Structure formats: structure tokens, C-alpha cells
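Numbering-wise (this note's numbering), the sequence shown opens with residue 398 and increments by one.
The beta-carbon is built from N, C-alpha and C at its ideal position, and this holds for glycine as well.
The structure displayed is predicted, hence computed values, not measured ones.
Just below is one structure, and these are the notes that go with it.
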Amino acid sequence: MPVLSIAVVGAGPAGLYLASELMAATDRDVRVDVYDRLPTPFGLLRYGVAPDHLKMKALAVPLQRTVEDERVRFLGNVELGRDITVEELREHYSAVVYSYGASSDRRLGIPGEDLTGNVPATEFVRWYSGHPDTVTTQSVLDAESAVVVGAGNVAVDVARILVKAVDELDETDIPEPVLAALRLSKIRDVHILVRRGPAQVKFTTKELRELGELDGVDVVVAPAALDLDPESAATLETDRVAKRNVEALREWSTRAPTGAQRRLIFHFWTSPTEISGTDGHVAQVAVRANRPVAGQSEEPIRAQLVIPSVGYFGVAVPGVPYDEATGTLSNAEGRVLRDGGVAPGEYACGWIARGPSGVIGTNRSNAKRVVELMVEDDLPDVEPWDAVTALTDRGVAVVTREGWNAIDAAEVALGAGAGRARTKLETWESLLAAGRG
Ligand code: NAP
């Protein structure tokens, strides 16, 4: 019997919020097939949100309820453009929603980014999150000094994971090989390069403050960096987050060093200009002062690891209209645009639609808005498509909800052996083997 049948591509927060909002918004018989190229749902909640942010990680509980809903089917290990085409989805569903996020990153565009030891934050996050596509080897942590470029929350996550005491990460789901590497880490100094001033950082205050509360870590901020120019001072009048960030930084600038093993050193108004290496490996970062700050050196920074953390970037997918300048899917508020006009029955939600900004919850309001458009558009019912059989027949090893639940159980069992709530499986082989039950 025909029903409202929706394909959602990307089982991250945006896609799963969209599924739950849609089911709540309609009285019609609805079926939602949620595809993901990974064998696991939850997208950046699983592979982006820092493993030690347990409260945020708990948002997986309501998302799992959506996965468990009898009107929803999870189709993991299915990649759009490889295993299934956009044309097929448009043919078989009442509508298609693209919510596959932003899986690449912005580059600095300076010489030396190809050196070993230059690891974009997206990749470093993948590594410590146990993403099966990670290419980072444990040797990155042979570094004694690291440079993190950028002033967003991802830079904060990366810097924190680099310096945090490993014992405090035991309560996370970080894979064992990653924990072992962190345990052997020789890191002493992490330099955070911020191209503008303390009033312009993109950090949220709670996340920033956390850096000042880490055991065994001194935070170093040159007091002169807090001598604000008139424009920055005016920003604090209207922007409460900026005001609180500056307060936190000001307090750190007055702290005397404790001689801690590890240091986080902020360099404001500073941009990297070149990464140079020895034997193909990062050795130092030349910097430029965008404004002089007393007490901040312009000398090159000795470092064996560089982590540019200057934003995620969406990638093109075959058959989906893509805006190269913004790395987003061409859309108007969530309705996909093809050849300058709205493409009926195609929608976009989350980072691929609006760019890589906002917190997990932002995707919920985004999903609500897209569902409003879908309801407004009065989508047709169609005969449900047996996608699992069609894909299995062409040799795709679809990981269904049962498969994901088996992966979940395997990870919980692996964690229990080490007294942890969960230890993530971090390879395609182990995930797919667990998914086969
Ligand atoms: P972001 O917040 O957009 O920050 C990017 C940073 O990179 C900005 O400070 C930007 O500086 C800087 N930048 C860009 N190009 C640069 C260049 N060429 N050289 C030097 N610096 C450059 O991005 P994000 O940190 O990747 O985070 C993405 C989103 O996820 C954000 O909305 C963030 O809040 C969210 N997130 C939240 C949490 C959390 O809530 N705990 C954790 C992680 C991520 P300018 O401002 O000067 O452009």
C-alpha cells in the first residue's frame, strides 16, 4: 500500500532529527529509510563530539529511539554515488533528504601542509574518535610540541585531548590503540594560533574555561593580548559570549606558571605563514603577527605536529548540486535547487545545507524547519521500496538496525572487559564483522 516514503541520506543528528520531527508532524502512514556510508548511525555525535564530553554524547539516547522506531529503517554501509544513485532515490521515494554533513576541511593554503606531521583537525578528530577511515598513525604523538591553528571549539577539543591526563579519558569510549598512543605521548607544549584577538574568538565559554581547569596544565596568555582595541572593547558591550571569553582569558593572563608538565600557549593576532620540515616531517612553523602583542614572540615555533583547525567543508556527491565556494549543497532554506529552480521532492538539512556551524541542537531546529517545508509541499504517497533486498542483490553488505545493535553490543562488551562503559571498534573489518552478528 502506498505510504509517505522518505529517504534520508546521512544518519547523523540532522538526519535522525529530521526523521523524528517528520514522524511527529504527520498523521500519514510514513516510512523513513535512513542511509549512511558508515555501518553506524549518529554521524558527528559519534565521530566529532569530543569523547570526554559525556553529556553531549548522551544525546545518542534519543537518537537511538528514532533508529528503533518501527517506521524507520537504518541502512548502514551504503554510500550514495557508489552503492546507490540519486536517480534511484528520487524514483523510489516520495522525497529525498540529504543530511550527509561536511566531511572534509578547509586548508590554510600555506607551504608545508603536505609534510608528515601536518594533520588537519578533521583527521585528528577522526583518529581519537575511532573513525574507521582514519589514516593517522600513533607516531603523531611522538611530538613534544604541537601547533593548533584556529579559534573554534574544534581547536579547543583537539588541544584538550592533546594535553589531558590519559587516566581522565578512561571513562570515554576512545579505542584502546588510541588510548595507548595518548598514554605514550611526549607532548609538552601546545601552541594555539589565533589570527584575530581575544574578543573575536569563536570558542564558547564553557569549552574555553575547561582548558583552564585541566590538571597538570599551565595556560599561558600574554597580558598585553588583553589590552583591547576600541573595536574589541565595543564588541564586549553587545556580545556576552565574547565578554565571558575575554574574562576567562584575562584571568589566565594573570596566573603565574606552576611549572606544570604541559602548557597551552595562546598566540593572539598570529597566523602561520609556512610549515617547514626535516626529512619530510614537520619541524617548525613560521608565523606572522597580524598585530604586534608585547610578550608574544614572532620567532618560528618549533613543532613536530601541526593541526590546522580552521573549519570543516562539505564535499561534492555525484548527482547532487554542489556549491564549490561554500562547500554546501545548493538549496534555498532546505529546498534543493537544480538549474536555478526548486527541485521537487529534494531537501537538505544540517551542515551540508547550511555550512559547518552550530551545535548538535541547531540541527533539531534546522530539521523542524525542513519538515515544515515538506508538509507544505504535500508530498505524494508511493509504493514502499524494499531497498535492503535491492542493495543486497547487487552485493552491498547493508548493515541494518539489527547489525548496528550488534555493533553496539560488541562495543559495550569490549568496554566491560576493561571496566569501561564502551570501547569503540575502530576498523571497517571489526565493525562489519560485529554487524554481521
Ligand atoms: P569555527 O567555529 O567556524 O572556527 C573556525 C576558526 O578557524 C575560527 O576561529 C576562524 O577564525 C579560524 N580560521 C579560519 N580560517 C583561518 C585561517 N586561514 N587561518 C587561521 N585561522 C582561521 O569552526 P570549528 O571549530 O570547526 O567548529 C565547527 C562548529 O562546530 C562550530 O559551530 C562549533 O561551535 C561546533 N562545535 C561545538 C562544540 C561544542 O559545543 N563543544 C565542539 C566542537 C565543535 P576567524 O573567526 O578569524 O574566521
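Interface flag, residue i vs chain D, CB-CB below 8 Å
| i | result |
| --- | --- |
| Arg660 | This model lacks chain D altogether, as it is built from one protein chain only. |
Assigned exposure category for residue i - 16 Cβ within 10 Å defines buried
| i | result |
| --- | --- |
| Thr725 | buried |
| Glu743 | buried |
| Ala810 | exposed |
| Ser417 | buried |
| Leu623 | buried |
| Pro436 | buried |
| Thr531 | buried |
| Trp801 | buried |
| Ser706 | buried |
| Arg652 | exposed |
| Gln693 | buried |
| Leu486 | buried |
| Met420 | buried |
| Gln681 | buried |
| Val703 | buried |
| Ser673 | exposed |
| Gly837 | This structure does not reach residue 837, given that the chain is present from 398 up to 834, and the question cannot be answered. |
| Gly498 | buried |
| Asp736 | exposed |
| Thr463 | buried |
Residue i (DSSP reduced to helix, strand or coil)
| i | result |
| --- | --- |
| Asn474 | coil |
| Val756 | coil |
| Ala727 | According to the sequence displayed, residue 727 carries Ser and not Ala. Of the three classes helix, strand and coil, the one that applies to Ser727 here is coil, per DSSP. |
| Leu512 | coil |
| Ile507 | coil |
| Arg434 | coil |
| Gln461 | helix |
| Val844 | With the chain covering 398 to 834 only, the question about residue 844 has no answer from this structure. |
| Ala686 | strand |
| Asp790 | helix |
| Ile571 | coil |
| Asp564 | helix |
| Asp449 | coil |
| Asp805 | helix |
| Asp720 | strand |
| Val591 | coil |
| Arg819 | coil |
| Phe521 | helix |
| Ser694 | coil |
| Ser526 | coil |
| Ala455 | coil |
| Gly409 | coil |
| Arg487 | helix |
| Val714 | coil |
| Arg833 | coil |
| Leu419 | helix |
| Leu581 | coil |
Nearest to residue i (by Cα), restricted to the options the options
| i | options | result |
| --- | --- | --- |
| Thr388 | Gly731, Pro620, Ala683 | Residue coverage of the chain in this structure runs from 398 to 834, which leaves residue 388 outside it and unanswerable. |
| Glu465 | Asp554, Val429, Trp825 | Val429 |
| Glu604 | Gly407, Ala700, Val446 | Val446 |
| Ser542 | Phe710, Gln701, Leu415 | Gln701 |
| Thr513 | Tyr495, Ala645, Thr533, Trp524 | Thr533 |
| Pro459 | Leu442, Val768, Pro517, Asp449 | Leu442 |
| Glu484 | Arg585, Glu568, Val587, Pro715 | Pro715 |
| Asp774 | Arg732, Asn760, Gly755 | Arg732 |
| Ala548 | Glu568, Val617, Gly708 | Gly708 |
| Ala457 | Pro410, Ser491, Lys640, Ile698 | Pro410 |
| Glu823 | Gly814, Val690, Asp805, Val756 | Asp805 |
| Gly812 | Ala794, Asp567, Ser668, Arg593 | Asp567 |
| Pro517 | Gly440, Leu770, Ala552 | Ala552 |
| Asn550 | Gly527, Asp539, Lys599 | Lys599 |
| Ala422 | Trp825, Leu828, Met771 | Met771 |
Cross-strand partners of residue i (DSSP beta bridge)
| i | result |
| --- | --- |
| Arg468 | DSSP lists no partner for Arg468. |
| Glu743 | Val493 |
| Ser542 | Asp586 |
| Leu734 | Val739 |
| Arg428 | Ser402 |
| Tyr709 | Asp502 |
| Arg699 | Gln681 |
| Tyr414 | Paired residue(s): none; Tyr414 is not in a bridge. |
| Val796 | Gly473 |
| Ile481 | Leu477 |
| Ile704 | Val545 |
Proximity test, residue i beta-carbon vs the ligand SAM heavy atom, cut-off 7 Å
| i | result |
| --- | --- |
| Val643 | Among the ligands present in this structure, namely the ligand NAP, the ligand SAM is not found. |
Uninterrupted beta strand (DSSP E) stretches inside the segment 599-675 (no shorter than 3 residues):
614-617, 659-664, 667-675
Just to confirm the assignment: which complete beta strand (DSSP E) runs, minimum length 3, are found wholly within the segment 758-782?
none
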